[in-house]
Amino acid sequence: MAESDKVVKFVMKATGESYEKVSIFAGVAHETVDECLGDDISVVAPPLVVGRLGCPVLDRLLLRLGDGQWQLPESVDVTEAELAETLMLPVETVARYPLVGRFGLLARCMDRLAIDDADAESYLRILDAWLALFAPDSEGRATPYAVWPVPNRDAFEGWLLARLDVLHKLGYPVRLANQEMDGVRGQRHMFVDGRRADLVLRFTQDCEKGSADDWLVLENKTTAVGIGALDQLAISVDWLRAESRRGNVHGMLIADGLSLEVERGLRERGFHYQSMAALGYRRWVRLHSPLKPEPTRDATTISYPQNLSVRTLAAALR
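Be aware that the sequence shown starts at 332, since it is given in my numbering, and climbs by one per residue.
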């Protein structure tokens with residue numbers, strides 16, 4: 332997917348750069364922000380400020396803006412210790428809920444495009460012009476930021492099953508369960524109450540994540556999700572445990588972002604989590620799919636704030 336011609340022409344006019352240079356970099360900038368949000372990293376590159384409501388680091392930043400005596404630093408791309416001191420938060424909290432700013436976005440885009448450091452200044456101008464698109468309107472309302480969607484769950488499931496080595500590299504040596512070897516269907520295994528698990532995998536060797544012959548139940552979502560997704564995974568794990576099969580049963584949620592409530596619930600249950608960005612699916616889609624996916628939603632889907640206007644929020648917090 333690429334940015335619209337309207338966006339590209341706006342950035343071209345602001346920077347004087349060529350269509351090809353702007354269109355490529357602006358598209359990668361948008362993909363990079365999407366990957367950060369899908370990995371639950373808040374983006375603070377005013378006028379673009381996007382993240383999870385309730386994120387303690389983003390909330391503290393907005394709270395400090397409200398005291399009237401403090402302004403945003405030039406960039407949040409500093410060490411965790413420096414940001415923790417600036418926001419008066421424990422370093423552990425800052426480490427758990429990372430932020431990325433304009434310099435961090437620039438570095439990620441340049442790495443992805445293999446751009447030399449000597450060209451950083453010209454590409455920073457392009458990034459700043461692209462970010463300026465999200466400035467508040469005349470009434471102080473933030474311009475919405477839209478996360479580009481990924482294909483539906485069936486498409487993702489097919490992609491993952493063809494590339495289980497992606498999970499292997501992340502420390503999960505697993506295979507798809509099958510009826511002949513395991514007495515369980517790896518896809519859409521049905522429990523006694525009629526519910527179906529998305530995928531049921533088996534560990535093939537002892538590792539940090541599990542033991543040989545343990546089970547891994549996957550719940551797959553291609554959107555950011557709320558507590559309903561955790562409930563679905565927990566029910567599938569509990570039903571498979573109730574079948575009293577040999578080996579422990581572990582759970583994994585795969586999604587395009589989480590609410591903080593789900594994040595806490597996963598920790599409490601000892602379940603695993605992988606994002607679409609961490610698995611490389613978002614990047615693969617952009618490189619290989621000629622189609623523009625339609626947004627898919629279900630009862631578990633949540634929406635991140637489209638763009639938080641720093642000016643508007645600062646005024647509201649006073």
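Even for Gly, the Cβ is constructed at its ideal location relative to N, Cα and C. Since the model is a prediction, treat every value here as computed from it, not as a measurement.
Comparing alpha-carbon positions, the option among 529, 414, 488, 473 lying closest to residue 640 turns out to be 473. Here residue 552 is buried, its C-beta having at least 16 other C-beta atoms within 10 Å.
The alpha-carbon of residue 626 is positioned some 8 Å away from that of residue 482. By the C-beta density criterion, residue 541 is buried, having at least 16 other C-beta atoms within 10 angstroms. Contact check for residue 517 against residue 509 passes: the beta carbons are separated by less than 7 Å. When DSSP states are grouped into helix, strand and coil, residue 446 belongs to the coil group.
Between residue 460 and residue 346, the C-beta spacing is below 7 Å.
Between the C-alpha atoms of residue 334 and residue 605 there is a straight-line separation of about 27 Å.
The beta carbon of residue 435 sits closer than 6 Å to the beta carbons of 408 from its chain, once the five residues preceding and following it are set aside; these are given in chain order. Residues 339, 343 of the same chain have their beta carbon placed closer than 7 Å to that of residue 350, with the five preceding and five following residues left out of the count. Taken atom to atom, the span from the alpha-carbon of residue 489 to that of residue 618 is near 17 Å. Here residue 585 is bridged, per DSSP, to 551, 605. Of the candidates 533, 382, 455, 491, 382 places its Cα closest to the Cα of residue 555. In terms of CA proximity to residue 527, 564 leads the group 419, 564, 536.
In the structure shown, residue 469 falls within a coil segment according to DSSP collapsed to helix, strand and coil. According to the DSSP assignment, residue 576 belongs to no beta strand (DSSP E), since it is labelled neither H nor E. A Cβ-Cβ separation of about 6 Å places residue 418 in contact with residue 392 under the 8 Å criterion.
Contact check for residue 534 and residue 570: beta-carbon distance about 19 Å, past the 8 Å limit, so the pair fails to qualify. The shortest C-alpha to C-alpha distance from residue 633 to any of 591, 601, 615 is the one to 591.
Distance from the CA atom of residue 579 to the CA atom of residue 572, rounded to whole angstroms, is 8 Å. By the Cβ rule, the stretch 609-618 does not count as touching the stretch 463-473, because fewer than three pairs are nearer than 8 Å. For residue 429, the CB contacts under 6 Å within the same chain, skipping 5 residues up- and downstream, are 372 in chain order. Residues 381, 473, 475, 476, 477 of the same chain have their beta carbon placed closer than 8 Å to that of residue 637, with the five preceding and five following residues left out of the count. When 450, 361, 635 are compared, the shortest CA-CA separation from residue 464 is found for 361.
Secondary structure note for residue 534: its beta strand (DSSP E) is the uninterrupted segment 530-534. Relative to the Cα of residue 609, the nearest Cα in the group 365, 352, 358 belongs to 365. In chain order, 556, 557, 558, 560, 561 place their CB closer than 7 Å to the CB of residue 593, counting only its own chain and leaving out the 5 sequence neighbours on each side.
For residue 354, the enclosing alpha helix (DSSP H) covers residues 350-369.
Leaving aside the five residues that flank residue 352 on each side, the residues in its chain whose CB is nearer than 8 Å to its CB run, in chain order, 457.
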